[in-house]
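Peer 1:
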Amino acid sequence: MTTADRILEILAKELEYTMEELQEEKEISMESLPEWDSLAHTQLILALEKAFDIRLAAAPASQASDIAALVDLVDSANS
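Its first residue numbered -18, the sequence shown is counted upward by one per residue in our numbering.
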């Protein structure tokens, strides 16, 4: 399973979406998903830290507002 797939699963769980619903979205970002607000973003970051056993810096984590940015963030924390 890729980093992106794992992040999508976590995002689906945190936002109460199915994987199928997320995969149907043209774009997956804070702008395109109304449920992905600032509180949900904080919960998502905490869930990512737990799932990947990493610590994410606050500033970059708060600015990662789409799947690609989250993948980059997690990958950089793992390297």
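For every residue, glycine included, the Cβ atom is placed at its ideal position computed from N, Cα and C. On a predicted model such as this, the values are computed, not experimentally measured, just so you know.
#1: Which of helix, strand or coil does DSSP assign to S10?
#2: What does the alpha-carbon distance come out to for the pair I48 and R36?
#3: Consult DSSP for E34 and reduce its assignment to one of helix, strand or coil.
#4: Looking at the strands, I want to know which residues DSSP matches up with D47.
#5: On a CA-only basis, which of D53, S60 and N59 is nearest A(-15)? Give me that one, please.
#6: I need the DSSP call for D18, collapsed to helix, strand or coil.
Peer 2: Based on what the coordinates show:
#1: Within the sequence shown, residue 10 is the residue found at index 29, counting from 1. DSSP places S10 in strand when its eight states are reduced to three.
#2: Position 67 of the sequence shown, counted from the start, is the residue given in the question as residue 48. Position 55 of the sequence shown, counted from the start, is the residue given in the question as residue 36. Each residue's Cα considered, the two are about 18 Å apart.
#3: Here residue 34 refers to the residue found at position 53 of the sequence shown. Rather than Glu, the amino acid found at residue 34 in this sequence is Asp. Under the three-state reduction of DSSP output, D34 falls in the coil class, being neither helix nor strand.
#4: Your numbering for residue 47 matches position 66 in the sequence shown. S10.
#5: Position 4 of the sequence shown, counting from 1, holds the residue named residue -15. Out of D53, S60 and N59, D53 has the C-alpha closest to the C-alpha of A(-15).
#6: For the purposes of this step, residue 18 is taken as residue 37 along the sequence shown, with counting starting at 1. D18 falls in the coil class under three-state DSSP.
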